[in-house]
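Q: Residue numbers (this note's numbering), protein chains in the order written: chain D, 4 to 361; chain F, 21 to 183; chain C, 282 to 779.
Questions regarding the structure given below will be posed in turn.
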Amino acid sequence: MKKITYFLVLILMAVFLAVPTSYGADFSHKTIEWIIPFGVGGGSDVWARLYAPFFQKYLPGNPIVAVKNMPGGGSIVGGNHFHTRARPDGLTVFGSSGSTTFPYLLENPKVKYDFSKYKIVFASPVGGIAYINPDLGVKTVKDLKGFGKPLAYASQGATSLDIIPLLAFDMMGLNVKAVFGYKGRGPGRVAFEQGETNIDYQTSTAYIKNVRALIEMGKAVPLMSWGALDDDGNIVRDAVEPDLPCMPEAYEIVYGKKPKGPAFNAWKAFFLAGFGVQKAMWLPEKTPEDIVQAYRDAATKIITDPEFQQIVEKSLGGYPQLAGEKARKAFDQVLEVSPQDRKWLINWIETKYNVKVK
Amino acid sequence: MMRNLGIVFSVLVTLAFGYGIYEAFSYAYLAKIFPLYISLVLCVLAVINLIQEFRASRKGLGADSKTTADLESEWGDIPMSDVLQRFSVFVVVMIVLYALVWLIGYPLGITLFIIILYRYVSRTKWHWAIVAGLAGLGFLALVSKLLYMDWPEGIFKLPWPLG
Amino acid sequence: MDVILQSLAVVLQPSHLLMLICGVFMGLAIGILPGLGGIVGMTILLPVIYGMDPHSAFGLLIGMVAVIPTSDTFPSVMMGIPGSSASQATIMDGYPLAKKGEAARALGAAFTASLIGGLFGALVLTIIIPIARPVVLSFGSPELFMLALLGMSMVGVLSGNKPIKGILAAGIGVMIGALGDAPAVPEYRYTFGLDYLMDGIPLVVVGLGLFAFPEIVDLMIKGRSIAEVTTLGKGWLDGVKDALKHKFIVLRCSVIGVIVGFLPGLGGSVVDWIAYGHIIQTTKDRENFGKGDIRGVIAPESANNAKEGGGLIPTFLFGIPGSGSMAVFLGGLLILGIQPGPSMVTEHVDLIYTAIWSLALANVFGAAISIALSKPITRLTVIPFSYLAPFMVLIITFASYQATRSWGDLIALLFMGILGWVMKQYGWPRPAALIGYVLSNNLETYLFISVQRYGFEWLTRTGVIVLAVIIIGSLAMGIFYQAKKSSKASGSEEGKGK
């Protein structure tokens, strides 16, 4: 008699425990709002809209996933809105990009959002490849050793993604003058073609479409890629240009030893934020585990969907997308940048470019 | 009257550029150059303009402030004081509209606005006013559904498409 | 040559044509409403193409882009409300014509000019493509700065007999444009700590505030209809004839449109003003400009459609938008998986020609539909304005709100509106302010980059000197004409009440 009761209780408990899990993560007849703090037609907007229909397909209940653009303040407005208004019910998610992460890392006082509190769903990496004007006589990274000629780089601003190339060039000992005011890498590339600047980088998709043609015409010489992340979080060569050294390698070629110290630590953290896990989807703080898991599972399924893989090849640079735990581990590296390294970077920006990192 | 107000505006413009100069000083070097120099030049020009206007008003010249570039604004037989009064009424109406929208949301707010204006300004019968209001509401509903356009929500949240 | 014919064949396929026409309809429907034309319209319509198959979507996209400058003409003529990125200068003579009851004529002329301008622009484009790259590349930051300055010099033309107020008005515009984030530094200027102002005041809000709001108020105060006469005068057919009569103006201005349009990042903003200023400077009898001279409508309208065609060049060849609507168009291309860049001239030349032909055809459809619509729509100009006013308020508040979807838009609209009304009453030319605002960013950015990069030697570049000569020339012509006029004016012209 006691054994039967015992079993019955166990079964009842199992039933009770099973039901809430599936109850919480069903989005049938719901609309999910994906906040993108950028304008229609921009890179992040395109990214989200490429993913959205697949989330509709793989989230339980097949909800509608609607992209809501909230541009402003360089993506700070959208981020703040998500932080203050999004409820932990899985119906609002946020898409961040490098320009959202940077002000956060640089402790911009206008930033209210806090990535350390949110739950990441997935992340999309991006790569960058640097190239130089052939008239300067540089054929490979080796020639940069002791290269003293002044260079000009078209920059958007000292607190933008340009921190990556500028710091990298600085670490390599190059004398690069940052010309501020360009509205993005597109105009930057045009400036390079015009001869207004002589060193530049492009993100991989732009590089493939535009810079390769320049290289073939003899108008550009590729130098290095920033790099890509391997599964253990190390920076390795970018698959888009496997013959080019990644930044840490390039450093080693020039100086004969591996890069380290506050400059490199800062660079690595910001490289991750700006490229390694440039774009990411987030759920608000206190979102229940089952909802987070539902999203992460959906993301994992999307990544393995062959139709989506084609999209990744065509429009997202072909980089392996990171879902769930992988994304979390990678982004944690961004969040773990030490306060000293962060201070070092802020100081570097302020002294070198005479810019107050407000 | 109009001339005097015109001068008041010119004074405000001069002060505005003065403020522009003052504010610009506090900006980082790269951000200050442009607004600083522009404000400086413009402040000087504004002062010159002010002097010209004073001279003209003292000489009692006509309020000749029209330019070939601007849209004609001949008031004919409506006295300027009336014009200003009606303008102020319009501004107040807009503020009331905004307050209404803030309370009950845009669609209902603007619909009521249309209805009230039709009834009391155009003096139509109530049913036409309501038709007009509904036309406005219908338009909003259409663009919201088809093109995902948004509107401000009020404090009191109403069901779609009223709020 | 066969590429050109081949792409024509592609364009003429029924499925593509259908999509094109759909795009045209959509662009017209949205663009016709004041404040929702131009960039705003594109931003609203763009999400529609997501998820469509690329071939149909491409037709839709081009259809929409092509008619934005066409549909913008309706609010410009009917109420003097400038569109977001084109049809700004059309308000100068288009609106006075509407007030005379000749709205249909203005519209007819505008659409015909747009059509011919657009087609001619497409033709010029086709021929220019081989040399487009080197030409675009020769326009570096210093040259673009001079071009922006050229646009600013148009203010002189527009200020008539009150140059100081004109410059000051332009200055007000420039300062409003400087509001918000500085181009190169994380510095937020003149924001009074308000989050809304961090990005500056959007163009839609400035345009509607400065122009639409005062018009609504004034029309309400006067208590009449838009047309100050009770019967509608000349119709659209007269307008068409006018445009054909002045065909050289149309052709000249469309060339200006294409060339300025294809300079990256700048063209769109000022092409119509440059065309308008040019036509004034090169005509002997300028008495009626600003009062309803039909040529003042023909010139900018020919230029602005041509510029959309021109704008395709930097967009396709460099991935740099030639104007605001091109920026959104570019986003559309990216969604369709089309990556613009130098490879396009070699790999995807067919796509470029398809775009050009589509643009040309869309122009034709757009013009035809618009002309058909002009008669009924111009009837609105004789209705007592109080019937239209509430809807106008709806449209302008709604359109402004679409800029950033925050209350700031509505409040800024009210402030700009009050400013605009006061400026109108006391003779401060608002078009000058608009030009200043639109060019503010470009002026600062290009000057900035030029000085940073080249120190001061950029002043000696050939392009810079050529443009400087053009600017000085145009200013001189303006002053010279003014002097001639005032010497003639001793006495007899006083009574004209200028």
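The C-beta atom is built at its ideal place from N, Cα and C for all residues, glycine as well.
Because the structure is a prediction, the values reported are computed rather than measured.
Going along the chain, which residues of its own chain have a beta-carbon closer than 7 Å to the beta-carbon of residue 239 (chain D), five neighbours each way excluded?
A: Answer for residue 239 (chain D): 230, 231, 233 and 249, listed in chain order.
Q: Mind reading off the beta-carbon distance from residue 521 (chain C) to residue 389 (chain C)? Whole number of angstroms is fine, and I expect it under 8 Å.
A: At roughly 5 Å, the Cβ-Cβ gap stays under 8 Å, so residue 521 (chain C) and residue 389 (chain C) are in contact.
Q: What are the boundary residues of the beta strand (DSSP E) that residue 203 (chain D) is part of?
A: Its beta strand (DSSP E) spans residues 202–206.
Q: With DSSP run on the structure shown, which of helix, strand or coil describes residue 138 (chain D)?
A: Three-state DSSP puts residue 138 (chain D) in a helix.
Q: Give, in chain order, every residue of the region 683–703 of chain C whose Cβ lies closer than 7 Å to some Cβ of chain F.
A: Going along the region 683–703 of chain C in chain order, one finds 683, 686, 688, 691, 695, 699, 702 and 703 with a Cβ nearer than 7 Å to chain F.
Q: Hey, could you find the ends of the beta strand (DSSP E) residue 38 (chain D) is sitting in?
A: Here the beta strand (DSSP E) through residue 38 (chain D) covers 34–39.
Q: Tell me the residue span of the alpha helix (DSSP H) that contains residue 411 (chain C).
A: 384–418 is the extent of the alpha helix (DSSP H) around residue 411 (chain C).
Q: Note down, in chain order, each residue of its chain lying with its Cβ closer than 6 Å to the Cβ of residue 391 (chain C), except the 5 sequence neighbours on either side.
A: Closer than 6 Å at Cβ, skipping near neighbours: 354, 578 and 582.
Q: Give a yes or no on whether the minimum CB-CB distance between residue 240 (chain D) and chain C is below 9 Å.
A: Chain C, which has no Cβ nearer than 9 Å to the Cβ of residue 240 (chain D), makes this no.
Q: What is the DSSP secondary structure of residue 48 (chain D), counted as helix, strand or coil?
A: DSSP places residue 48 (chain D) in helix when its eight states are reduced to three.
Q: List the endpoints of the continuous beta strand (DSSP E) containing residue 67 (chain D).
A: Counting along the chain, the beta strand (DSSP E) containing residue 67 (chain D) begins and ends at 67–72.
Q: DSSP on residue 126 (chain F), reduced to helix/strand/coil?
A: Reduced to three states, the DSSP call for residue 126 (chain F) is helix.
Q: Could you work out which residue in D:59, D:74 and D:58 is closest to residue 43 (chain D) when comparing CA atoms only?
A: Residue 43 (chain D) has its Cα closest to that of D:74, out of D:59, D:74 and D:58.
Q: Does any C-beta atom of chain D lie closer than 9 Å to the C-beta of residue 50 (chain F)?
A: So, interface residue.
Q: What do you reckon, are the CB atoms on residue 305 (chain C) and residue 323 (chain C) nearer than 9 Å?
A: No, they are not a contact pair.
Q: For residue 50 (chain D), count neighbouring Cβ atoms within 10 angstroms of its own Cβ and tell me buried if that reaches 16, exposed if not.
A: Its Cβ being crowded by 16 or more others within 10 Å, residue 50 (chain D) is buried.
Q: So the candidates are C:297, C:702 and C:658; which of them puts its Cα closest to the Cα of residue 335 (chain C)?
A: Out of C:297, C:702 and C:658, C:297 has the C-alpha closest to the C-alpha of residue 335 (chain C).
Q: Quick check: the Cα distance between residue 218 (chain D) and residue 194 (chain D), rounded to an integer number of angstroms?
A: One C-alpha to the other measures close to 16 Å.
Q: Beta-carbon separation of residue 681 (chain C) and residue 691 (chain C) under 9 Å?
A: Going by C-beta atoms, residue 681 (chain C) is nearer than 9 Å to residue 691 (chain C).
Q: Taking 9 Å as the cut-off, decide whether the C-beta atoms of residue 291 (chain D) and residue 121 (chain D) are in contact.
A: No; because the gap between Cβ atoms is not below 9 Å, this pair is not in contact.
Q: Report yes or no: do three or more beta-carbon pairs, one from the region 134–144 of chain F and one from the region 697–713 of chain C, lie closer than 8 Å?
A: No, the region 134–144 of chain F does not touch the region 697–713 of chain C.
Q: Between residue 644 (chain C) and residue 352 (chain C), is the Cβ-Cβ spacing less than 9 Å?
A: Taking 9 Å as the Cβ cut-off, residue 644 (chain C) and residue 352 (chain C) do not qualify as a contacting pair.
Q: Need the endpoints of the alpha helix (DSSP H) that residue 245 (chain D) sits in, please.
A: Run containing residue 245 (chain D): none; DSSP gives neither H nor E here.
Q: Do you know offhand how far residue 382 (chain C)'s Cα is from residue 584 (chain C)'s?
A: In a straight line, the C-alpha of residue 382 (chain C) is about 25 Å away from that of residue 584 (chain C).
Q: Could you give the distance in angstroms between the alpha-carbon of residue 741 (chain C) and the alpha-carbon of residue 596 (chain C)?
A: So the alpha carbons of these two residues sit roughly 29 Å apart.
Q: Kindly indicate if chain F contains any beta-carbon less than 9 Å away from that of residue 522 (chain C).
A: No, residue 522 (chain C) lies away from the interface with chain F (no Cβ there is under 9 Å from its Cβ).
Q: Taking buried to mean at least 16 other C-beta atoms within 10 Å of its own C-beta, is residue 666 (chain C) buried or exposed?
A: That one is buried.
Q: List in chain order: all unbroken beta strand (DSSP E) runs of 3+ residues lying wholly within the region 431–483 of chain C.
A: Within the region 431–483 of chain C, no complete beta strand (DSSP E) run reaches 3 residues.
Q: What does the alpha-carbon distance come out to for the pair residue 589 (chain C) and residue 652 (chain C)?
A: Cα to Cα, the separation comes out at about 20 Å.
Q: Looking only at C-alpha atoms, which of D:236, D:145 and D:298 sits nearest to residue 225 (chain D)?
A: Cα-wise, what sits closest to residue 225 (chain D) is D:145.
Q: Could you tell me whether any Cβ in chain C is nearer than 9 Å to the Cβ of residue 310 (chain D)?
A: Output row for residue 310 (chain D): interface = no.
Q: So what's residue 95 (chain D) in DSSP terms, helix, strand or just coil?
A: Strand, per DSSP.
Q: Residue 38 (chain D) and residue 118 (chain D): beta carbons closer than 9 Å?
A: No, the Cβ-Cβ distance between residue 38 (chain D) and residue 118 (chain D) is not below 9 Å.
Q: Give me the Cβ distance between residue 361 (chain C) and residue 496 (chain C), rounded to the nearest whole Å; I'm assuming they're in contact under 8 Å.
A: Their Cβ separation, rounded to whole angstroms, is 6 Å, which keeps residue 361 (chain C) and residue 496 (chain C) in contact under 8 Å.
Q: I'd like to check one pair, residue 373 (chain C) with residue 662 (chain C): are the Cβ atoms closer than 9 Å?
A: No, the Cβ-Cβ distance between residue 662 (chain C) and residue 373 (chain C) is not below 9 Å.
Q: If we ignore side chains and look at the alpha-carbon of each, how far apart do residue 181 (chain D) and residue 726 (chain C) end up?
A: Between residue 181 (chain D) and residue 726 (chain C), the C-alpha separation is close to 14 Å.
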